[in-house]
Amino acid sequence: MSTPAAPSRPDATGPAEGADGQPAVQPSGSAPAHPPAPPAPAATSPSSAPEVASPAAESARHANAADPAGPSGAEPAECTAYSEPAAYAESTAYAEPSVPPQRSGAAAAGQGTAPGPAGGQVPDPGPYALADAAGTENLLRCWVRETGVGRPENGVLRLELPASGAELRTVVLHWSATGQHRFGPAHFGASGATGPAGRPLTSVELAALLAREGRDDGAAPAEGADMVARVADSVRRTAVFLADRRDRPGPDDPELPFLDSEQALLLGHALHPTPKGREGLSESESAAYSPELRGSFALHWLAVDHRVLATDSAWTDRGRAVPAADLLAAFAGPGLRLPDGTAPLPLHPWQARDIRHRAGVRALFDAGLLHDLGPAGEPWFPTSSVRTVHRPGTAAMLKLSLGLRITNSRRENLRKELVRGTEVHRLLRTGLAAEWRAAHPGFDIVRDPAWLGVDDLDGTPVQGLDAVLRHSPFGPGDQAHCVAGLTSPRPWPGVPAPELRSRLGVTVGRLARRTGRPSAAVAAEWFLRYLDAVVRPVLWLDGQAGIALEAHQQNTLVLLDAEGWPCGGRYRDNQGYYYRESRREELNRRLPGIGAASDTFVPDAVADERFAYYVGINNVFGLIGAFGAQGLADEELLLAAFRRFLGQATGHGSGLPERLLTSTHLRCKANLLTRLHGMDELVGPVDTQSVYVTVPNPLAR
């Protein structure tokens with residue numbers, strides 16, 4: 145069997161951007177050096193701790209191209225439509241991708257080089273201090289959002305801690321309408337104290353204080369202690385990631401933009417208390433398994449007896465059905481020797497070790513129904529989810545089960561999710577994809593058309609033994625970026641520590657120089673094109689088909705044209721589909737039996753709530769917040785542009801535009817409270833998997 149082909153490369157491509165003079169992000173990780181401790185209330189004035197204004201805001205107000213009515217200048221470029229990767233065609237000839245080499249071990253924290261105080265720069269506090277300050281900011285952002293804290297009037301945020309009989313104080317560096325606030329160090333003191341603040345709290349100390357307060361909301365003490373431990377783990381790993389990226393920043397113009405974006409989330413979700421927590425992963429394992437460290441590894445293979453094999457495939461190659469087992473055997477390479485009557489199953493190496501301790505799995509090995517074949521094949525690279533792996537030049541990515549707890553959940557596939565992926569692929573092939581493409585040719589779903597797993601002899605699915613085959617349509621040079629990776633600040637080539645920059649900021653700066661326009665005007669146009677290329681197609685699918693997508697920033701890919709403007713998008717995730725109950729009959733006509741095994745239909749009210757959170761709050765408000773926090777544009781200007789976009793989108797089927805325009809408050813996932821309550825967001829009914837709170841809608845006037 146020949147090696148699977150390199151995927152077709154349908155999307156518009158272009159050179160990546162280089163470092164430039166656009167505003168850099170000075171993480172509050174440099175906060176131990178600045179700003180000063182919060183002043184006493186009696187001495188505080190609005191000017192003593194001013195909010196950091198966007199340096200681009202003033203020019204935006206005077207730039208015609210930043211008019212919320214719409215972009216000026218050239219029409220947005222179009223990206224080529226989605227096409228299914230060929231499974232067995234001859235590989236496309238191109239040079240082996242150049243990926244920065246993996247170290248034998250992770251970098252030690254604290255080895256960054258300091259630029260010194262010259263030129264207005266602050267001394268480099270080192271990677272651990274940066275990571276700890278980022279952890280502090282995350283906790284404060286979560287607490288402010290989830291407990292309804294309003295904007296302070298004097299630039300100093302004071303949080304009462306009744307359980308401790310004290311208060312927290314911190315300087316507000318940037319107050320964001322969308323929740324992407326920036327804070328200085330947090331200080332602990334007596335309520336109403338006017339004296340000088342003591343030493344800054346570490347993120348772990350802050351987590352312990354907030355966990356104690358969380359008990360009043362029903363959180364168990366054990367869960368609070370667990371969260372504190374996970375904050376420590378997350379901060380420690382973030383420090384390693386920052387130190388390593390300082391030492392090996394990589395090229396400005398990566399050969400594989402898709403993979404570069406997947407490896408860019410060094411700080412992680414800005415509104416999560418433990419964005420990089422991976423308890424149970426050793427340092428040597430982290431070096432190989434972490435996308436942030438550009439790790440890679442060979443897959444571990446099992447042979448599954450056909451008597452316990454569970455599989456389905458809607459993958460086709462030139463019109464011919466391709467079984468999942470055939471595809472997987474091709475990925476393993478010629479060295480894999482399968483016993484007769486078995487099929488290959490790849491596992492993440494960590495999972496291969498872990499499942500040996502599970503009684504049900506041991507019984508299958510003992511019965512000769514599973515055979516351990518060991519590691520085989522070429523290395524695969526973990527993507528931003530850690531468990532989904534990518535190998536340049538292959539037709540598929542693999543979404544593997546991984547029992548590590550990452551953010552809020554242990555990331556093991558559920559059988560209904562495997563079924564859901566093939567079901568959505570078949571649904572799109574009923575003609576829905578053609579209708580969608582006719583309206584929005586630049587957008588599609590990255591399909592999950594095949595899977596393979598294991599059942600007990602009685603037919604019960606065996607948790608943790610499965611793999612999803614996902615189309616891999618992006619090749620070298622294709623400008624396909626995970627939105628979370630695009631907006632994530634990181635050490636940048638040629639930029640002195642401790643400054644961090646995002647690829648979004650670099651792209652805006654490059655476009656501003658090329659067009660001779662203010663950066664804020666370019667940022668506004670970039671945002672408007674993003675709404676047209678990515679958000680409008682997602683609204684179409686909800687309105688026309690009754691399918692709401694869990695399109696948060698990590699599940700959303702934006703395609704950029706040769707200049708860096710958004711021209712299309714992709715959605716990926718076999719978990720995040722909501723079929724509206726009100727559209728059940730219509731969807732069943734398209735694909736009889738839909739939802740029976742995938743458990744995807746939900747009440748419209750649940751779909752409305754989740755759609756508003758994932759698309760409105762996480763995706764679009766998160767993008768607006770990134771523009772604001774990184775000094776690229778004025779958030780209020782972008783919110784005005786979003787209002788106008790939503791006004792034009794009402795009346796086309798989806799209720800989301802009207803909901804966002806007319807609601808004074810929105811329901812929002814509370815990641816800190818979800819963690820304090822010990823909830824796994826992948827387990828249980830969809831409407832009770834996470835804590836949701838009510839937050840003000842920044843679009844409300």
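When we follow our numbering, the leftmost residue of the sequence shown carries the number 145, and every step to the right adds one.
Beta carbons: idealized from backbone N, C-alpha and C, even for Gly.
Coil, strand or helix - residue i by DSSP
| i | result |
| --- | --- |
| Asp748 | helix |
| Glu522 | strand |
| Ser457 | strand |
| Arg581 | helix |
| Gln607 | strand |
| Asp391 | helix |
| Gly328 | coil |
| Arg819 | helix |
| Val702 | strand |
| Ala503 | helix |
| Pro488 | strand |
| Tyr232 | Residue confidence for Tyr232 is low, a pLDDT of 43 falling below 50, so the modelled location carries little weight; the figure read from the coordinates is stated next. If DSSP states are grouped into helix, strand and coil, Tyr232 belongs with coil. |
| Tyr272 | helix |
| Asp516 | strand |
| Pro717 | Here residue 717 turns out to be Asp, not Pro, going by the sequence shown. Coil, per DSSP. |
| Thr382 | helix |
| Pro710 | strand |
| Gly424 | coil |
| Ala373 | helix |
| Arg481 | coil |
| Arg497 | helix |
Residue range of the unbroken alpha helix (DSSP H) whose run includes residue i
| i | result |
| --- | --- |
| Phe475 | 468–476 |
| Gln792 | 779–793 |
| Lys806 | The sequence shown places Thr at residue 806, not Lys. First-last of the alpha helix (DSSP H) with Thr806: 800–806. |
| Val568 | 559–571 |
| Gly358 | 347–358 |
| Pro401 | 401–406 |
| Ser430 | 427–433 |
| Arg438 | Segment: none, Arg438 is in no alpha helix (DSSP H) and carries neither H nor E. |
| Glu725 | Taken as a continuous stretch (DSSP letters only), Glu725 belongs to no alpha helix (DSSP H), as it is neither H nor E. |
Distance between beta carbons of residue j and residue i, contact taken as under 8 angstroms
| i | j | result |
| --- | --- | --- |
| Gly323 | Arg285 | 6 angstroms |
| Arg811 | Glu753 | 5 angstroms |
| Ala785 | Leu672 | 6 angstroms |
| Arg634 | Arg326 | 17 angstroms between Cβ atoms; not a contact. |
| Glu725 | Pro710 | That pair is no contact at about 33 angstroms. |
| Val627 | Asn718 | With 8 angstroms as the limit, Val627 and Asn718 do not qualify as a contact, their Cβ atoms being about 19 angstroms apart. |
| His331 | Thr346 | At roughly 12 angstroms, the Cβ-Cβ gap does not stay under 8 angstroms, so His331 and Thr346 are not in contact. |
| Leu305 | Leu353 | 6 angstroms |
| Ala469 | Leu596 | 6 angstroms |
| Arg716 | Asn699 | 6 angstroms |
Enclosing beta strand (DSSP E) for residue i [first to last residue]
| i | result |
| --- | --- |
| Lys543 | 540–544 |
| Trp595 | 594–599 |
| Phe587 | 587–589 |
| Ser742 | Unbroken run through Ser742: none, as it is neither H nor E. |
| Phe765 | No beta strand (DSSP E) holds Phe765; DSSP gives it neither H nor E. |
| Tyr758 | That residue, Tyr758, is in no beta strand (DSSP E); it is neither H nor E in DSSP. |
| Leu446 | 441–449 |
| Pro840 | 836–840 |
| Arg554 | 553–555 |
| Arg811 | 809–813 |
| His534 | 532–534 |
Close beta carbons around residue i, own chain, < 8 angstroms, minus the five adjacent residues each side
| i | result |
| --- | --- |
| Gly254 | Residue confidence for Gly254 is low, a pLDDT of 29 falling below 50, so the modelled location carries little weight and cannot support an answer. |
| Gly504 | Asp600, Val606 |
| Glu522 | Ala442, Gly477, Arg535 |
| Gly791 | Pro801, Leu805 |
Residues near residue i by beta carbon distance below 7 angstroms, same chain, minus five either side
| i | result |
| --- | --- |
| Leu446 | Leu489, Leu491, Leu514, His515, Asp516, Leu517 |
| Arg374 | Thr418, Gly421, Glu423 |
| Lys560 | Ala741, Ser742, Asp743 |
| Ala773 | His318, Ser320, Gln324, Arg326 |
| Phe745 | Tyr723, Glu725, Arg728, Gly739 |
| Val652 | Gln166, Ser663, Val666, Ala667, Trp670, Leu776 |
Residues near residue i in its chain [Cβ-Cβ closer than 6 angstroms; skip 5 each side]
| i | result |
| --- | --- |
| Pro519 | Ala442, His444 |
| Gly766 | Gln697 |
| Val563 | Ala741, Ser742 |
| Phe385 | Leu410, Glu436 |
| Gln462 | Note on identity: in this sequence residue 462 is Arg, with Gln being the wrong assignment. Hits under 6 angstroms: none found. |
Handout entry: Those runs of the alpha helix (DSSP H) which lie wholly inside the stretch 609–697 and span at least 4 residues
Key = Runs of the alpha helix (DSSP H) inside the stretch 609–697: 627–631, 647–659, 663–674, 680–689.
Exercise for the section: Could you name each continuous alpha helix (DSSP H) segment of 4 residues or more that falls completely within the stretch 277–340, going from the start of the chain to the end? Expected result: As summarised for the stretch 277–340, there are no continuous alpha helix (DSSP H) elements at least 4 residues long confined to that stretch.
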